[in-house]
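Numbering-wise (our numbering), the sequence shown opens with residue 127 and increments by one.
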Amino acid sequence: MKPVKVGIIGCGAISRAYFEGSAIFKILEIVACADLDHERAKAQAEKYNIPQAISVEELIQHPDIEIIINLTIPKFHASLNQEILNAGKHAYCEKPFGLNLAEAEETCRLAKEKNLLVGCAPDTFLGGGGQTCRKLIDKGAIGEPIAATAFCVGRGHEHWHPNPSFYYEQGGGPMFDMGPYYLTALVNLLGPAVRISGSTKKSFPTRTISSKPFAGTVLTVEIPTHLTGTIDFANDLTATIIMSFDVFGGHHLPCIEIYGTEGTLSVPDPNTFEGTILLRGKGETEWKEIPHTHETNVGRGIGAADMAYAIRSGRPHRANGAMALHVVEMMQAFENSSDQSRHLNLKTSCSKPQSLPLNLPTGELDS
Ligand SMILES: NC(=O)c1ccc[n+]([C@@H]2O[C@H](COP(=O)([O-])OP(=O)(O)OC[C@H]3O[C@@H](n4cnc5c(N)ncnc54)[C@H](O)[C@@H]3O)[C@@H](O)[C@H]2O)c1
């Protein structure tokens, strides 16, 4: 299959994972990169042998590029995705897909109007951990799923990220930052959601950066930093979720567990492509470790590679705009529900993405 030429906009902390992860897939050919800070684009181009480091505008208008991967910060995701689509190119974006439902909806509307594809991270659910769990559920290893839990709690990012201010602005916080991994994993395993309730809280009005180079800078917290809630799914099961940046002393919470009529599945960290999968059947006293059925040696870029196959063959792509839009509505619903003191019914929905075939050759996504 003819490789798809790709450009990357945003050469910050996560770009390394994309330059390295995309190199695994023969379908992706990164031909140029850009950043508001041109020196960063130049440095990454040199490090990863990318032919051109050019301006953002030149990259968007580049005649050879078919997919642009948008690795900027959340407040620019939707507007830049829309610029990319308006330039006649397919857009693949880091999470979140938008700061709110309205701007994410506009991106999907525009993609449809232009007959272009739009995709969004996370693509971790396409790794061995997510795909093996999906296979187990689909073949009935825990019977009928009844309920689930999802927990992601920690102390935030101001102690390690080089420029962490966006994590405390709209589009940041534990739900818009980490929620996409957990909610996408749940949708992949259990299907779309229909109703959400939340209780949310901003525990501290400010946070102080301790990482370099901005150590000592005080950030105003714009978003809730501790969210708890429930999710009702279309196929009649319910999940409990906690996402927090306010847990400083450790915890014993699992990442994701799915409880079924015939057993429990312990799902590995959905922010990775691998991880230990444990299964415990009804009446059993020990957990069994389940070997991965799908490739774990993949990285970020697999979602864009899957989109590139979709462009060439006409099949649907998995980390797609409809699912990302649904996840944005879910994320926003926790805070809205808390503010309005009531459950909220969701208006968007999506299909479960097709699971990946077994025994794919390394670097390929279609059997
Ligand atoms: N850092 C991580 O570990 C990580 C992991 C997974 C996902 N992400 C997501 O990736 C995205 C980027 O995160 P990051 O950590 O790389 O941030 P970062 O601040 O390190 O890098 C962002 C880069 O984008 C550039 N940029 C910002 N706005 C731009 C614009 N309008 N046009 C062109 N360039 C622009 C900045 O100059 C910077 O180089 C975020 O949405 C984040 O949630 C980050």
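In this text, a Cβ means the ideal position worked out from N, Cα and C, and glycines have one as well. Remember, it's a predicted structure, so these values are computed and weren't measured experimentally.
The Cβ-Cβ distance between His420 and Leu482 falls below 8 Å.
DSSP lists Ala158, Ile194 as the bridge partner or partners of Gly133.
Between Lys215 and Ile193 the beta-carbon gap is near 7 Å, inside 8 Å, which marks them as a contact. Per DSSP, reduced to three states, the secondary structure at Thr354 is strand.
Around the beta-carbon of Gly376, fewer than 16 other beta-carbon atoms lie within 10 Å, marking it exposed. Excluding sequence positions up to five before and after Cys159, its CB lies within less than 7 Å of the CB of Gly133, Ile134, Cys137, Ala167, Gln170, Ala171, Ile176, Ala179, all in the same chain and listed in chain order. Secondary structure of Ser475 (DSSP, three-state): coil. The C-beta distance from Ala319 to Asp358 rounds to 7 Å, short enough to meet the 8 Å contact threshold. Counting along the chain, Val424 sits inside no beta strand (DSSP E), nor does DSSP assign it H or E at all. Distances from the CB of Pro396 to the heavy atoms of ligand 1 are all 7 Å or more. Burial is judged here by how many other beta carbons sit within 10 angstroms of a residue's own beta carbon; Glu231 has at least 16 and is buried. Between the alpha carbons of Thr488 and Thr422 lies a distance of about 11 Å. In the structure shown, Ile153 adopts coil according to DSSP, grouped into three states.
When Pro200, Phe251, Pro442 are compared, the shortest CA-CA separation from Leu316 is found for Phe251. Not one heavy atom of ligand 1 falls within 7 Å of the beta-carbon of Arg281. Distance from the C-beta of Pro200 to the nearest heavy atom of ligand 1 is below 7 Å. Residue state for Glu415 is assigned as strand, using DSSP reduced to three classes. Looking from the CA of Ser477, the closest CA among Leu197, Leu451, Val393, Asn212 belongs to Leu451. Across the set Ser493, Gly224, Ala143, Cys278, the C-alpha of Gly224 shows the shortest separation from the C-alpha of Lys201.
Secondary structure remark: continuous alpha helix (DSSP H) runs of at least 4 residues inside the region 361–412: none found.
Buried is the label assigned to Ser463, since at least 16 other Cβ atoms lie within 10 Å of its Cβ. Of the candidates Pro396, Ala436, His285, Asn397, the residue whose Cα lies closest to the Cα of Thr334 is His285. With a beta-carbon spacing of about 6 Å, Ile272 and Leu363 fall inside the 8 Å limit used to define contacts. With a cut-off of 7 Å, the C-beta of Ser148 is classified as distant from ligand 1, since no heavy atom of the ligand falls inside that distance.
When beta bridges are read from the DSSP output, Asn226 appears opposite no residue. Beta-carbon to beta-carbon, Pro290 and Ser337 are separated by about 7 Å, close enough to satisfy the 8 Å threshold. The DSSP-derived three-state label of Ser181 is coil. Assignment of alpha helix (DSSP H) within the region 291–345, counting only whole runs of 4 or more residues, yields 299–316 in chain order. Considering only Asp372, Tyr174, Phe277, Tyr294, the residue with the shortest C-alpha distance to Thr356 is Phe277. Checking the DSSP bridge columns, you'll see Asn212 has no partner listed. Lys131 and Glu155 do touch by the CB rule: their CB atoms are close to 5 Å apart, below 8 Å.
A distance criterion of 7 Å places the beta-carbon of Ile194 beyond contact range of ligand 1, judged by its closest non-hydrogen atom. Going by beta carbons, Gly324 and Ala217 fall outside the 8 Å limit.
Beta-bridge partners assigned by DSSP to Thr488: none are found. Judged by DSSP in its simplified three-state form, Ile272 adopts strand. Judged by the Cβ position, Ala230 fails to qualify as a neighbour of ligand 1 at the 7 Å threshold, every heavy atom of the ligand being at least this far.
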